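Chains as they are written, first to last, in this note's numbering: chain W, 402 to 777; chain R, 299 to 1305. Note that beta-carbon positions come from the ideal geometry of N, C-alpha and C, so glycine has one too. From a predicted model like this one, the values you see are computed outputs, not experimental measurements. Worksheet for the structure shown next.
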């Protein structure tokens, strides 16, 4: 007695968010039925396995048919095939484009190419995210990347408009696109302690402050690429370490300001030259694409690890960098460019706490940048 | 003669990529009507072309306008090779042909390809300029409105109900023509689709002509069916009830209720606005004879204050009861098919005067205005088995043999008219074809019939006594001493004056004013019988020999299940028998109700065959106990608490197990007189089931295994659920299809029955599960249709609607029952009950005013209550696609239908040669059904409508060949496109007071 055919189609789409999630997570129909049965569908409603199976099948089919439309979410709103209430549309899209942080952390900064796609089963094994789900997420990244790559205007806004995502999700995608475009290396073991959200935050800062779009929304370029002129300007920082006088002067200014304010003062004073050299070297090399890719790893190696070995706290770092940039400003040799550059570093020690700090300084950041623009 | 059709192609969107190299498409459009074709320019390299074409003008006959669809083909331009077709859109322009419907068709249509499904959308504008054709001998019937709704549509009232119309058109099936061997599947499918569009257009036109001849202007309860009879051809049949409908003047009109307005209103106005043809001398019916009755509503009806613009649809008179049944004489006329026009007209005139039809009018309605129906006799049905023959025209012959059957059955029952003919459904298997017709015999109120004037005196004495409408229809219409079938008669429990039968089976909906106890309940009897494979005549004989037994069995099952739920009446009974290669399937669905006018049903008594055997006795006792428990449980679930159960004890077992002379299961109790004559009916209160062999045990088991729906769910197959009145507006229409393959070819009847029963039960369970988020909710209009597409395959297709209701208010106050019932049903039925009051007022004017006042008082809070709950419904703002609701019912809860914009009658074929890739048969059918919904919605939206009512899927023929990775499916759907508005939108005036009232009342209900 085999059921040869079994369909159930509603005029308005019939879906349960639970099943949708199972589908997105890559469960096969049978596994999904198992999960649902264990999840208590059976108890709450007197349902037998075959009933749950039939329901799951119907929904899976519906989702499969919807998937094509979900690839271009704007179509979902004016397609005629399914009648989907707007709030349902939003859920469908948002969930479809949602991703696992563990998974995205693995592909962040990698080229979204076929080669990477082949490695997905390894990633799946490593992260515990089902291969099917990995594929969907990867294809989502690729699709978003492809669409916004060529678009002008602010990146987040573009993503939000073309994929009808929530603000948060659009920002995350912007980060993914940004990382993929600049191919930042994030896979090294030393960077493993950074979560996707940490990196996404950095990406957000970079997008806001280091790209052409950040400088001027009307510019015909996009948010995806770093501002070449800005990177060129950073070369000027080199004097900070090449000019001996300047270096000493800078150090004394910073130390005077820091004295008595932190327990780690001795280490700061001792390591000042090293740290300053590390920072400036990273900054001045950024015109080179290869060095851009290693930006994060360099930062960790040259700046954060020394600080960490000296047991700096996040507050220490904040203090240090504030004064480091302020003093540099006082030296008047440089433009406030540095400020913009320096502030990002804090992120890497203790992300949760530092995030707050960065936000509080954001206004200042923007101000400095504007000031720099005026000056230049 | 003449009409000018104008079409404009605006734009396309989401087109498929046709050029792999550029990932784009160079699309252009061909617009074809009749034999004229226009083309747009090629819009190069775009998936969202903006053609913005000029207006393409077609100057055509109105006959063609009715028959032909506008055919729009989207193609991809190819410089070197042939242009590739992307897909087609067929637009039925019929809705543009009558005056009050849509004036323009404008919107996005899915571009449909029979192989690939929907491929993008196209925006089209269509208009028609129609000139009047006054030619008496014209072949067109523009202006006749068609409704699928099986009641008088909202916003109209029936001035005259003329009677039954039917017609059929036959053609060769393109799939079986020689050319099909050389053309592509796509071309063949398209030829077929187009042909069926043409045929149904022609059919509508011909029916329209008949209606015009009868002096009507509309067809209500229009039902169209297809028979794919293979090489014998393709038959399209349709039936309907011809009416003269009058549009109710909205708003102020009802307030002023002028004495003259309604009569002159509708029938004459169409001629003024030029779109509708003038009827010439066909007109007198609208103004003449029925005036006395027509005066009734106007003089006495006080318009309900809460819905000022509410239509008062009622049928005030039925003047012309002759049934224009055109049994085609001569075989030739049928095969001439399409162009036998004038000849047929002659034939028609000759046959029209058949006296029989005058006496026994047919109607295709399921719900009637109050007072229209006097008494209901019972179900009549007729089936005939036909051997299809290539030379004969199957449809023609069958329709000829068919209706006389029904008519003679009716005569036996001695009943005046058949009020509802439920389709001439048919089941075709190769060359054998079963045609079935069923209906409810009833006596209509002679006051409503013009021709009844003559015998008014006589019949009035008999029937006129103003028996309360809540029970009147239950009273037996036949002579007590001369009953057409055995039944146990008692005095009506309501009025105690007239006799009523112990049970009542009908195919109609529960009259809105009927007094019931508790809620209704979906009851289904399923039966599967093996049949030897056979050929030709022997096969047909075998089938027809089985039929009566199947009917009997189904009836027994229904009766048992009804008793098990302690109910005493069935409404909406629909019996379908389909024939397969090696089995016959019977499925009877109905909605059980406890009518308080009828006696309480007895319990079920189990009797063993061999007394003395202790084991058996014990076993029987067990079963008996389970049955009694089930009855008790059901009573509680359906809240069947008859208000005034006097000395009759429900379910009191007066055991008479020694009655051995019976056939093994009796199905009906008989009256005293008859028990002597008929040994098969014993005088007993309880219903006895004998356990004499394994069959019977199985049957009883199956009785008990019927699971009742889970808490919060109710189901019925009628328009509205008896006992639930406070609908909220959430709505989910669905179609479900299941096909079961019998793995074991050598099944016994019993095992087969079980399989089939489980299939249906599981389907129901599935629905409950899938729709559990809507609880409390009711599945209404559950229509099952079974088929045996191949040997060992059973296909069940279900279309139904789930509607939520407000749980807190389900308790009714018994005192107001008849009235509240009326108002809490669809709006118009509220009107019916009001009309009823006012009608009776003219007869016994004393009570009328009081009645109508009270009814208003009672009704307003309830309607308000419903509209309040409506606010909680979702709002669909912001979406660029307008929402189209679909329902198989004739109304949408919480809303009011303001306009009917046209009938939807569409036919689609879908085929695939990559079945596996599309997800198997299920995946294929799933997307096809979704596509059909989408296309229906798009057409409705283009007509300016926002809902489809009376939607039905009449055919779903699935043919698969998994080995070849192929599958083909045909679906035919129909419905009425309407514009509705939310009730709240119109109830600004004086609603505040009512809301206050309703709040208190609902609070009362809750406590």
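With a cut-off of 8 Å on the beta carbons, I'd call residue i and residue j a contact; round off their distance for me.
i               : j               : result
residue 874(R)  : residue 1083(R) : 6 Å
residue 1095(R) : residue 1080(R) : Not confirmed; about 11 Å, so no contact.
residue 252(R)  : residue 824(R)  : Residue numbering for chain R in the displayed model covers 299 to 1305; residue 252(R) lies beyond these limits and cannot be assessed.
residue 1036(R) : residue 456(W)  : So it is not a contact: roughly 13 Å between Cβ atoms.
residue 509(W)  : residue 577(W)  : 7 Å
Can the beta-carbon of residue i be found closer than 8 Å to that of residue j?
i               : j               : result
residue 541(W)  : residue 594(W)  : no
residue 341(R)  : residue 369(R)  : no
residue 512(R)  : residue 536(R)  : no
residue 893(R)  : residue 802(R)  : yes
residue 1279(R) : residue 1253(R) : no
residue 451(R)  : residue 1249(R) : no
residue 424(R)  : residue 403(R)  : yes
residue 312(R)  : residue 598(W)  : no
residue 414(W)  : residue 483(W)  : yes
residue 391(R)  : residue 358(R)  : no
residue 543(R)  : residue 454(R)  : yes
Does the Cβ of residue i have 16 or more other Cβ atoms within 10 Å, making it buried, or fewer, making it exposed?
i               : result
residue 632(W)  : buried
residue 1188(R) : buried
residue 919(R)  : exposed
residue 1071(R) : exposed
residue 568(W)  : exposed
residue 1017(R) : buried
residue 393(R)  : buried
residue 378(R)  : exposed
residue 475(R)  : exposed
residue 469(W)  : exposed
residue 755(R)  : Residue confidence is low: residue 755(R) scores 30 on pLDDT, short of 50, so the model does not pin down where it sits. No coordinate-derived value is stated.
residue 418(W)  : exposed
residue 458(W)  : buried
residue 315(R)  : exposed
residue 983(R)  : Residue placement at residue 983(R) is flagged as unreliable, the pLDDT there being 46, under the threshold of 50; a coordinate-derived value is accordingly withheld.
residue 439(W)  : exposed
residue 573(R)  : Confidence at residue 573(R) is low in this model, with a pLDDT of 33, below 50, so its placement is unreliable and no value can be given for it.
Out of the options, which has the shortest C-alpha to C-alpha gap to residue i?
i               : options                            : result
residue 583(W)  : 657(W), 693(W) and 422(W)          : 693(W)
residue 900(R)  : 1021(R), 512(R), 930(R) and 811(R) : 930(R)
residue 462(W)  : 1260(R), 1222(R) and 1281(R)       : 1222(R)
residue 461(R)  : 421(R), 467(R), 453(R) and 505(R)  : 505(R)
residue 870(R)  : 894(R), 451(R) and 808(R)          : 808(R)
residue 1276(R) : 1235(R), 1220(R) and 1195(R)       : 1195(R)
residue 1049(R) : 361(R), 533(R), 811(R) and 828(R)  : 828(R)
residue 1267(R) : 904(R), 324(R), 351(R) and 490(R)  : 490(R)
residue 815(R)  : 791(R), 834(R), 822(R) and 799(R)  : 791(R)
residue 524(R)  : 418(R), 374(R), 468(R) and 319(R)  : 468(R)
residue 672(R)  : 680(R), 685(R), 772(R) and 738(R)  : 772(R)
residue 891(R)  : 865(R), 1272(R), 401(R) and 494(R) : 865(R)
residue 475(W)  : 572(W), 601(W), 559(W) and 518(W)  : 559(W)
residue 398(W)  : 495(W), 575(W) and 587(W)          : For residue 398(W) there is no data in the structure shown, the boundaries of chain W being 402 and 777.
Which parts of the region 487–550 of chain W are runs of the alpha helix (DSSP H), unbroken and 4 residues or longer, counting only runs that do not cross its ends? 487–498, 502–508, 515–519, 521–528 and 532–550
Which parts of the region 300–328 of chain R are runs of the alpha helix (DSSP H), unbroken and 4 residues or longer, counting only runs that do not cross its ends? none
For the region 1208–1287 of chain R, list the alpha helix (DSSP H) runs that are entirely contained and at least 4 residues long, ordered along the chain. 1218–1240 and 1281–1284
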